[in-house]
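Chains as they are written, first to last, in the working numbering: chain A, 1448 to 1612; chain B, 1448 to 1612; chain C, 1448 to 1612; chain D, 1448 to 1612.
So the structure is just underneath, and the comments pick up after that.
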């Protein structure tokens, strides 16, 4: 089981990671969606994991930081220059887009907003690993659970977590 | 440029790698398609790169070996027990399905036959890296070049290679 | 440059990652050293990155958490059951010990305490990537900068950082 | 078990991979050693796996090709321009020196000749994964089995293989 609640453990270990995936460039509308999603994730005290870049990733991190959340970016480069300015933790990898795999593996559940082939690779990889992916205005792929709002995504993640406790 | 033809270099270095991706289980029809594809790839003296497992991968390797081709399987496990019996080179990775990335990166061009989410992750990752993917009876994703037969795939790859020489 | 200080950026982005590497089992003496090291790293407001396991990693995280620091564990398994209970961020990878590479790449500078072949692989990989490694009671390898105390390590890291600002 | 001998399987599957690791630049003496080692590996019909570059890697591949062996290079770059001209199979990875891990994982047994920190990272990683490493004029690390000649390395590998059949 991936959610560990050892008795007396510090608070930090009780958090789950929610992956937010989407394009490093996106429309204003998708940016706003991701920003709102980030806020809601932070309010639940979940760790926000993403690819660390711009667009959907930046928006989600911005939202999360404004609510005092914890944000993690798993970055393609060795140096991390592509990092958005709302990351608490920068994991530079030097793997290029192979880091997409790590974003998926580090997340217990994922939400996709918009996105192009990179996001599709994450969606497909997540589904292949048996992970749950919620989708807002993203690729219409068999296996993705379409949701209509950020609130619906959050509610579904809550229920998902409860099933494992 | 990825196709190196240094003057006087041994033959081996002149080969390009064609990735064949598809499900580790597949229908008889798709098996036959992949088998035929493997034969054609070997006749062109290209190296066949795949995930090394069953189904489409096995069929393609079987076809290639029957024509004296060279086959490479990039395998998920540390031990390689999942390898099909038609591999000249087994690259065990211990990375699980993260090895999908390596199949894509090791191929200069790819052909997808059938396949589920694992194959989709390879298609998406390849397109994201700017690689050309030909598809036979596989995911209908923007960017994949649909072909109707193995012969068409081979002809298109030949033209693709010529553009880079 | 890996240390980004964009004007007006949130505090989080100003932190550097210090990798602490060492055995997942260790002597009481090395445990105490790593524990003290973790405290000092947290007091500097640096992010502590490690392999997330027991021994030296656990000790450093415990120390860091007691000082309110931020701790990141890059874990070998998919599920993260091997995580020590002092991690704010758990990056599960499913890569086995190949995750050692990621610990190195995610750190701007590293401190090794004790350790066996796994730690040696991290030291060697870090030096190969041109990174600075400080060593306390660890492998005596050309390139590792031996330090006699945690305080000396911290002072040297401070000077190292200043050179890049 | 990593050496598969399925009844009636094609010849290719019966081969084991021997990793040759060492510096991409080396002395004439070490070049000659690696060249001779490559010849002997090819005569045993083992697959030679290496990092695909110059120096020790090039020498071993050159020797192997002169004896009709099969050579595999697992390369740091996406394009493979650093490949030596004696490779039958080029596995381009785009992972930089993180590909060292893959050289180790793809080899059932390794021989180190000379080498700097990159080679040390491979030696240490191999020992950490429980693999056997024979060393000729290389890092004097606990766990490496020192051998005095290529012939001794080959004889020891033969005995090593027999223990697993």
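For each residue, glycine too, the CB sits at the ideal point set by N, CA and C.
Where residue 1537 of chain C is concerned, the enclosing beta strand (DSSP E) starts and stops at 1536-1539.
Residue A:1565 holds the alpha-carbon nearest to the alpha-carbon of residue 1546 of chain A among A:1593, A:1511, A:1565, A:1479.
At a cut-off of 7 angstroms between C-beta atoms, residue 1541 of chain A does not count as an interface residue with respect to chain B. Contact check for residue 1494 of chain C and residue 1467 of chain C: beta-carbon distance about 11 angstroms, past the 8 angstroms limit, so the pair fails to qualify.
Residue environment: residue 1505 of chain B is assigned as buried (16 or more neighbouring CB atoms within 10 Å of its CB, all protein chains considered). A residue is called buried when at least 16 other Cβ atoms come within 10 angstroms of its Cβ; residue 1602 of chain D does not meet this threshold and is exposed. DSSP assignment within the stretch 1508-1582 of chain C yields the following whole beta strand (DSSP E) runs of 3 residues or more, N-terminal first: 1517-1522, 1536-1539, 1556-1560.
In the DSSP assignment, residue 1588 of chain B falls outside any alpha helix (DSSP H), carrying neither H nor E. Close to residue 1545 of chain A, with beta-carbon spacing below 8 angstroms, are these residues of chain D in chain order: 1541, 1542.
When the Cα atoms are used, residue 1553 of chain A and residue 1597 of chain D turn out to be separated by approximately 44 angstroms. In chain order, 1580, 1590 place their CB closer than 7 angstroms to the CB of residue 1574 of chain D, counting only its own chain and leaving out the 5 sequence neighbours on each side. Inter-residue distance for residue 1477 of chain D and residue 1561 of chain D is about 7 angstroms (C-alpha atoms, whole angstroms). In the DSSP annotation of this structure, the continuous segment of the alpha helix (DSSP H) that includes residue 1597 of chain D starts and ends at 1597-1609. Within the stretch 1485-1500 of chain A, the residues whose Cβ lies closer than 9 angstroms to any Cβ of chain C are, in chain order, 1494, 1496. The C-beta of residue 1568 of chain A comes closer than 7 angstroms to at least one C-beta of chain B. Around the Cβ of residue 1512 of chain D, a 10 Å sphere holds 16 or more other Cβ atoms; the residue is buried. In terms of beta-carbon proximity, residue 1552 of chain A lines the interface with chain C, with at least one pair separated by less than 7 angstroms. Across the structure, residue 1517 of chain D and residue 1526 of chain C are spaced so that their CA atoms are roughly 38 angstroms apart.
Against chain B, the beta carbon of residue 1557 of chain D has no neighbour under 9 angstroms; the closest one sits roughly 13 angstroms away. Closest in alpha carbon position to residue 1599 of chain D, among D:1570, D:1578, D:1572, D:1558, is D:1558.
Take the alpha-carbon of residue 1522 of chain B and the one of residue 1534 of chain B: they are about 11 angstroms apart. Here residue 1583 of chain C is buried. Its C-beta has 16 or more other C-beta atoms within 10 Å. In the structure shown, the three-state DSSP call for residue 1485 of chain A is helix. Ranked by how close their Cα comes to the Cα of residue 1610 of chain B, the residues B:1556, B:1587, B:1585 have B:1556 in first place. In the structure shown, the three-state DSSP call for residue 1594 of chain B is coil. Residue state for residue 1584 of chain C is assigned as coil, using DSSP reduced to three classes.
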